[in-house]
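Quick note on numbering: the sequence shown equals residues 1 to 70 in UniProt numbering. One structure is given below, encoded as structure tokens.
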Amino acid sequence: MSGASVGLMTRQAAPRQRQRGTIDALPSGALRVRAYAGVDPLTKRRHDLTEVIPPGPNAAREAEKKRTGC
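Printed below as a string of structure tokens:
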């Protein structure tokens, strides 16, 4: 043998997607959705989009839709 090794052919695991933004519960019961939106070209400061979802039976679903952009 010439010392060459043969690697196993395995399937690579799918890369994990990062969560986009955060959902915070407020004392009022409302949910705050924050998502990174890049850097301001003039001030060079971070720019986050923020939206408050009022409390209700579908608040979690609405907040998740806003966070993912769907």
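Note that beta-carbon positions come from the ideal geometry of N, C-alpha and C, so glycine has one too. Fair warning: this is a prediction, and the values are worked out from it, not measured in the lab.
If you count every other CB in all the chains shown that lies within 10 Å of the CB of R18, and 16 or more means buried, which is it?
-> R18 is classed as exposed because its beta carbon has fewer than 16 other beta carbons within 10 Å across all chains shown.
Pairwise C-alpha distance: K65 and P57 | Roughly 14 Å separates the two Cα atoms.
Own chain, CB closer than 7 Å to G29, minus 5 neighbours either side, in chain order | Within the same chain, G29 has close Cβ partners P55.
For E51, which beta-bridge partners are listed by DSSP?
-> BP columns for E51 point to V33.
Check each candidate in D48, G69, V33 and name the one with the smallest Cα separation from D40.
-> Of D48, G69, V33, the residue nearest in Cα terms is D48.
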